[in-house]
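Below you'll find the structure, written out as structure tokens, and then a few comments.
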Amino acid sequence: MNRTLLSVGIGLAIVALLIVGGAFYTVSQTEQVIITQFGRPVGDPITEPGLHFKIPLIQMVNRLDKRFLEWDGQPVGIPTRDKTYIYVDAFGRWRVQEPLQYFLRIRDERSAQSRLEDILGSEIRNAIAKHDLIEIVRSDKDRVPQGDEIISGGGANIGTIGMLPRINFGRQKIEAEIKSAAASKLREFGIELLDLRLKRVNYNPDVLDRIYARMTSERLQIASRFRSEGEGEAAKIAGKKERDLNEIQSTAYRKVQQIRGEADAKASEIYAKAYTQNPQASDFYRFLKSMEIYRKVLAKDSTLVLSTDSDLFDLLRRISGKQ
Amino acid sequence: MARLTVIDGTPLKPSPYAIAGPLVALLVLAIAWTSYYTVPAESEGVVLRFGRYLETVAAGLHFKWPLGIDSVEILPTRRQLKMEFGFATPGYSNPGQIGTDADREKSMVTGDLNAALVEWVVQYRIQDPRKYLFDVRSPAQSLRDLSESAMREVIGDRTVDEVITIGRQDIEISALTRLQSLVKLYELGIVVDQVQLKNVNPPQAVQASFNEVNKAQQDRENMINLANGDYNKAVPKAKGQAESDIQAAEGYRFKRINEAEGDIASFNAVLEQYIKAPQVTRTRLYLETMGDVIPQAGAKLIVDDSLRQWLPLLQSKVGEERK
Numbered sequence: 004m005n006r007t008l009l010s011v012g013i014g015l016a017i018v019a020l021l022i023v024g025g026a027f028y029t030v031s032q033t034e035q036v037i038i039t040q041f042g043r044p045v046g047d048p049i050t051e052p053g054l055h056f057k058i059p060l061i062q063m064v065n066r067l068d069k070r071f072l073e074w075d076g077q078p079v080g081i082p083t084r085d086k087t088y089i090y091v092d093a094f095g096r097w098r099v100q101e102p103l104q105y106f107l108r109i110r111d112e113r114s115a116q117s118r119l120e121d122i123l124g125s126e127i128r129n130a131i132a133k134h135d136l137i138e139i140v141r142s143d144k145d146r147v148p149q150g151d152e153i154i155s156g157g158g159a160n161i162g163t164i165g166m167l168p169r170i171n172f173g174r175q176k177i178e179a180e181i182k183s184a185a186a187s188k189l190r191e192f193g194i195e196l197l198d199l200r201l202k203r204v205n206y207n208p209d210v211l212d213r214i215y216a217r218m219t220s221e222r223l224q225i226a227s228r229f230r231s232e233g234e235g236e237a238a239k240i241a242g243k244k245e246r247d248l249n250e251i252q253s254t255a256y257r258k259v260q261q262i263r264g265e266a267d268a269k270a271s272e273i274y275a276k277a278y279t280q281n282p283q284a285s286d287f288y289r290f291l292k293s294m295e296i297y298r299k300v301l302a303k304d305s306t307l308v309l310s311t312d313s314d315l316f317d318l319l320r321r322i323s324g325k326q
Numbered sequence: 316m317a318r319l320t321v322i323d324g325t326p327l328k329p330s331p332y333a334i335a336g337p338l339v340a341l342l343v344l345a346i347a348w349t350s351y352y353t354v355p356a357e358s359e360g361v362v363l364r365f366g367r368y369l370e371t372v373a374a375g376l377h378f379k380w381p382l383g384i385d386s387v388e389i390l391p392t393r394r395q396l397k398m399e400f401g402f403a404t405p406g407y408s409n410p411g412q413i414g415t416d417a418d419r420e421k422s423m424v425t426g427d428l429n430a431a432l433v434e435w436v437v438q439y440r441i442q443d444p445r446k447y448l449f450d451v452r453s454p455a456q457s458l459r460d461l462s463e464s465a466m467r468e469v470i471g472d473r474t475v476d477e478v479i480t481i482g483r484q485d486i487e488i489s490a491l492t493r494l495q496s497l498v499k500l501y502e503l504g505i506v507v508d509q510v511q512l513k514n515v516n517p518p519q520a521v522q523a524s525f526n527e528v529n530k531a532q533q534d535r536e537n538m539i540n541l542a543n544g545d546y547n548k549a550v551p552k553a554k555g556q557a558e559s560d561i562q563a564a565e566g567y568r569f570k571r572i573n574e575a576e577g578d579i580a581s582f583n584a585v586l587e588q589y590i591k592a593p594q595v596t597r598t599r600l601y602l603e604t605m606g607d608v609i610p611q612a613g614a615k616l617i618v619d620d621s622l623r624q625w626l627p628l629l630q631s632k633v634g635e636e637r638k
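Taken in sequence, the protein lines are chains A and B. Position one of the first sequence corresponds to residue 4 (our numbering), numbered consecutively onward. Position one of the second sequence corresponds to residue 316 (our numbering), numbered consecutively onward.
Given below as structure tokens:
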């Protein structure tokens, strides 16, 4: 029994030694492993995840990431071709395509990132400096902005407000340009550059004052246009009011005069017809009217000087009156 | 059979249970502790054996090989997760929810080379846990970068007015579509459900001038309303006045004609009588009138018509009468 115990103990010890000495290693789902012996790679890269064996103590495990990896560039200040200073923040996607080549040329990720920074950084700088700012901002050259009352209302001359300046390339073409230029340079390091995009493009703070001043003056221009439109409309309405008032009042005046004139004429006609219907009528009218007037005219302050030759006082002279 | 002995002769009997007992107990405890796990609701668990993908399990209590042979990653696949850009609300459980530099995240350049501040939210779900865990190294960071890039592309093709006022829904839809296609390209194992714009503003320095435009629009409306008010106060009143004037003229017409006809009717009646007996009627009317008129006159003087010089007589007589 002691012997079996001893052999079991020795067996366990051997297994423990193997484990401690590193005969087993796991490759995770996200890794690929290169085995090196005395600093030199042996065999093909191991990409199958799971439990693997190696010679303990002599062979070392070097782990490389198998996944899509990210590169996030530092924001850099670059002038565009039209001399606008902007901050560009880009990011990219890469992976280890040739593990052996990568391992030999680069060794670890820190070096890889610095390589990426160098190459991508310089390609980005070149591309930005070669294009105008608008090419970096816009992508879709066919896009027409949605009309807005603020911009297009009133038909006034608004210059370039509310328009999208035209482009020849656009951001996506520039990103593709950078990517293809950098990808070929990175291939020799066993790195495959899968994508490069601009995350942020912002005005350099020194330039912002100028931009804000322009935006402010644009808005104030729009505001004053609105106000002058208001004044114009109000003046038009006031003018219409004057016109309509004059029209109404003068038409009414004309009608009133017409009616009154007709009335007066008709009345005159009635009187004239009556007073001239026969010769006695006009004579009688004159008589009656005179009688009426004597009643009105002769009052307390009138002095009458009457002659005995009159039809009333002729009997004062002689009894038979006027002959 | 050799026995282990100590130098002073006492036989040393190694008791198997004294040494192995506690060790075995410890081992059993360790095994028990590491052989089960729970996956919370809304989540799934990804099981790896020796680092190699084994299976994906749903919520609940599960068992696994102990002592680190099996490992489990838990992902909240059924929960809708969100990412905030340009702002950060506290109390988040998803570490990818906020970024590192909210101010930089929200500054953007618009398609008409103006500046705007845009805050937005991306809602997404982890759809493919394998891809999410094993194909990409920082899927959450990649999603953040892609979201910023997509939003800036969309904003970069729009005018500042579209961004701030009328184009919000269009931007949300375009950004969602663009982001969805990028996420598919990057094989993140994520599906984006919604992109929602939150606060969108012009930069602080120019906000006053943007408000000025709104004020000016209001002013314009006011001016037009006031002018219309004036019009509506004056014109109906004038119309009413005109109507009333015309009615008054009509009234005048009736009056004059009726009066004339009345006068003539009474004249005709008297005329009829006059024509039947002209001399008598004339004399009667004359004497009636004189009878009324002469008494009401003031001074009366009856002189003979052969009297030539009656001026001094007149003066004394009139003076007497007047007393």
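Glycine included, each C-beta is placed from N, C-alpha and C at the ideal position. It should be emphasised that the depicted structure is a prediction, and the values quoted were computed from it without experimental measurement.
In the DSSP secondary-structure assignment, Asn205/A is bridged to Tyr90/A. Counting along the chain, Met423/B sits inside no alpha helix (DSSP H); it lies in the beta strand (DSSP E) bounded by residues Ser422 to Val424.
In summary, Gln32/A is buried, with 16 or more beta-carbon neighbours lying within 10 Å of its beta-carbon over all protein chains present. With distances taken between CA atoms, Ile164/A lies nearest to Arg222/A out of Glu126/A, Arg222/A, Gly42/A and Ser323/A. Within the stretch 376-459 of chain B, the alpha helix (DSSP H) runs of at least 4 residues that lie entirely inside it are, in chain order, 417-421 and 444-449.
Contact of Gly165/A with chain B is assigned, a C-beta pair being separated by under 8 Å. Sixteen is the threshold: when 16 or more other Cβ atoms of the shown chains lie within 10 Å of the Cβ of Leu428/B, as they do, the residue is buried.
Ranking Asp304/A, Thr306/A and Thr311/A by CA distance to the CA of Asp619/B puts Thr311/A first.
With its beta carbon at least 8 Å from every one in chain A, Arg394/B lies outside the interface. Per the C-alpha coordinates, the member of Gly173/A, Gln149/A, Met166/A and Asp145/A positioned closest to Arg467/B is Gly173/A. Contact between the stretch 257-271 of chain A and the stretch 568-577 of chain B is present: 3 or more CB-CB pairs across the two stretches fall below 8 Å.
Across the structure, Leu60/A and Leu20/A are spaced so that their CA atoms are roughly 11 Å apart.
Taking a C-beta distance under 8 Å as the contact criterion, Ile561/B and Lys269/A do not qualify as a contact pair. Between the alpha carbons of Ala531/B and Val99/A lies a gap of roughly 60 Å. Given a length threshold of 4 residues, each whole run of the alpha helix (DSSP H) inside the stretch 193-279 of chain A is given here in chain order: 208-278. Between the C-alpha atoms of Asp545/B and Glu536/B there is a straight-line separation of about 14 Å. In this structure the stretch 88-105 of chain A touches the stretch 196-206 of chain A; the number of beta carbon pairs closer than 8 Å is three or more. Look at the beta carbons and you see the stretch 498-517 of chain B touching the stretch 444-452 of chain B: at least three pairs across the two are nearer than 8 Å. Distance from the CA atom of Arg146/A to the CA atom of Val140/A, rounded to whole angstroms, is 13 Å. Between Arg452/B and Arg110/A, the C-beta spacing is not below 8 Å. Here Ala237/A is buried, its C-beta having at least 16 other C-beta atoms within 10 Å.
Chain A places no beta carbon closer than 8 Å to that of Met398/B, leaving this residue out of the contacts. By the rule that beta-carbons nearer than 8 Å mark a contact, Thr33/A touches chain B.
Taking CB atoms only, Gln611/B has a neighbour in chain A less than 8 Å away. At a beta-carbon threshold of 7 Å, the residues of chain B lying near Phe94/A are Asp460, ordered along the chain. For chain B, the residues of the stretch 190-202 of chain A that bring a beta carbon within less than 9 Å of one of its beta carbons are Leu197, Asp198, Arg200, Leu201 and Lys202, in chain order. Approximately 41 Å separates the beta-carbon atoms of Ile389/B and Val424/B; this is outside 8 Å, ruling out the contact. Looking at Gln116/A, Ala277/A and Thr254/A, the one whose alpha-carbon comes closest to that of Gly555/B is Thr254/A.
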